Amino acid sequence: MMQHAKPEVIVAFPVAGAALEALRAHYTVHHVPVVAERQVAVDQLGARIVAVITNGTYGWDAALMRQMPKLKVIAAFGAGYENIDAQAAYELGIATSHGRGTNTISVADHALTLLFAIVRDVVMSAEGLQKGKWHTIRHARPDISGRRLGIFGLGLIGQAIATRARAFDMSIAYCNRKPNPDVAYEYVPSLESLAERVDFLICAAPGGAATQHVVNAAVLRALGPQGYLVNVGRGSVVDSDALSFALRNGQIAGAGLDVFEGEPQLPESLKGLSNLIVTPHIAGFSPDSFVGYIRSVVENVDACLAGRPAVTPIPL
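Just so it is clear: in the sequence shown, position 44 is 44 by the working numbering, and no numbers are missing.
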């Protein structure tokens, strides 16, 4: 019996190991992880490709879409989609999807991990012990329970963060594009006003033009010298230079970042700071999350190739 050929897809971001093999089980994969090599790949393969699998950081632009006559869907591997031109895709009749909810648990867990680590000075204390220190690193650190938490971006991840914070008796307020009628937390329409009234500010907002540098010098000044910032959303949300100034000059007490501008290269202005913890965009990395990413991509791509709507479309 003749076997049907697998659909040909481009995987347009760095991925390896089990995740790439899982995609190859479903599709004929052309792996193009380097942005500079995309045009050559489209010149050679564009007439055959029916789906592009990418992520929010690497995206896929309109100019390439227009050169791919059989392209049916662009699927984000993960929840982020800020560099996928979804509006252009819609106008070209190309579906888009993302992994909504696939990494909620791991990102929310990581956000609280960063908060605890920076407030309680876990990293510096551990490093000091390794260097033979004791008395000079035993400082009293703030409590976390019972504090005021502000969340910028109360989507699925933001709500999961709030649920975890409530277990520590924190009061919750949030800033969003609009109030969420399904939650009882206090809504604050201004991010600067939110920062002014909380002890901890956690950013879980998506990237893109609407949130570019919204955490700026004014917001950081409002957070104040006893305040702490955590960002697990997108690096573009926080103005790196403003954050560096605030950390170096005592305008805020500390920060924990899983995302930052210019990834993977940490901005020079953020290097050498003892009141900053940075992790390499791993909040969404867990075995369970990766299972969810694969499942979401396959469900969405297969639905679109069968002529059905995307299961979790990118909102326009």
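Beta carbons are placed, not taken as given, at the ideal position from N, Cα and C, and that holds for glycine. Since the structure is predicted, the reported quantities are computational estimates derived from the model, not experimental observations.
Would the beta-carbon of I84 fall within 9 Å of that of G46?
No; because the gap between Cβ atoms is not below 9 Å, this pair is not in contact.
Use the C-beta contact count for P280: other C-beta atoms within 10 angstroms, 16 or more gives buried, fewer gives exposed.
Exposed, since its Cβ has fewer than 16 Cβ neighbours within 10 Å.
Close Cβ partners of A173 (< 8 Å) along its chain, the five nearest in sequence each way excluded
Closer than 8 Å at Cβ, skipping near neighbours: R148, L149, G150, I151, Y185, E186, Y187, V188, L194, R197, V198.
Just to confirm the assignment, what range does the beta strand (DSSP E) spanning I318 have?
What is shown of the chain runs 1 to 316, which leaves residue 318 out entirely.
Is I273 helix, strand or coil when you go by DSSP?
It should be noted that the sequence gives Leu, not Ile, for residue 273. Three-state result, L273: coil.
For V40 versus E8, is the C-beta distance shorter than 9 Å?
Cβ distance not < 9 Å, so V40 and E8 don't count as in contact.
For a test of the three-state rule: what should DSSP assign to I314, helix, strand or coil?
I314 carries a coil assignment under DSSP once its states are collapsed to helix, strand and coil.
Within this structure, are the beta carbons of A75 and A310 separated by less than 9 Å?
Yes, these two residues count as a Cβ contact at 9 Å.
Segment contact flag, the region 63 to 70 with the region 14 to 33, C-beta cutoff 8 Å, min 3 pairs:
Cβ pair count under 8 Å is below three, so no.
Quick test of your reading: T113 and G78, contact by CB under 8 Å. State the CB separation rounded to the nearest angstrom.
Their Cβ separation, rounded to whole angstroms, is 19 Å, which puts T113 and G78 out of contact at 8 Å.
Taking buried to mean at least 16 other C-beta atoms within 10 Å of its own C-beta, is H135 buried or exposed?
That one is exposed.
With a cut-off of 8 Å on the beta carbons, I'd call G155 and T312 a contact; round off their distance for me.
Contact check for G155 and T312: beta-carbon distance about 13 Å, past the 8 Å limit, so the pair fails to qualify.
What residue from F290, Q130, F116, G17 has the CA that sits closest to R141's CA?
Proximity to R141 across F290, Q130, F116, G17 peaks at F116, based on C-alpha coordinates.
Buried or exposed: A242, going by 16 or more other Cβ atoms within 10 Å of its Cβ?
Buried: at least 16 other Cβ atoms inside 10 Å.
Mapping the DSSP letters down to three states, classify G17 as helix, strand or coil.
Here G17 carries a helix assignment [DSSP, helix/strand/coil].
Relative to the alpha-carbon of T57, which residue among P14, R38, D43, V29 has its alpha-carbon at the smallest distance?
Residue P14 is the option with its Cα nearest to T57.
In three-state DSSP terms, what is E8?
E8 falls in the strand class under three-state DSSP.
Are the beta-carbon atoms of A111 and A283 separated by less than 9 Å?
Pairing A111 with A283 gives a Cβ-Cβ distance under 9 Å.
Member of T211, A63, I157, I105 whose CA lies at the smallest distance from the CA of L92:
Closest in C-alpha terms to L92, from the list T211, A63, I157, I105, comes A63.
Please say whether I314 and T96 have beta carbons closer to each other than 9 Å?
Yes, Cβ-Cβ distance for T96 and I314 is below 9 Å.
Do P206 and G292 come within 9 Å of each other at the CB atom, strictly closer than that value?
Between G292 and P206, the C-beta gap is not smaller than 9 Å, which leaves the two residues out of contact.
Helix, strand or coil: how does DSSP classify L305 here?
Three-state result, L305: helix.
Apart from the five residues on each side of it in sequence, which residues of its chain come closer than 8 Å, Cβ to Cβ, to Y228?
The residues L115, I118, V119, D199, F200, L201, I252, A253, G254, A255, G256, in chain order, have a CB closer than 8 Å to that of Y228 in the same chain once the five nearest residues on each side in sequence are set aside.
I believe G146 touches D169 by the beta-carbon criterion, under 8 Å. Please report the beta-carbon distance rounded to the nearest angstrom.
Rounded, the Cβ-Cβ distance is 5 Å, consistent with contact.
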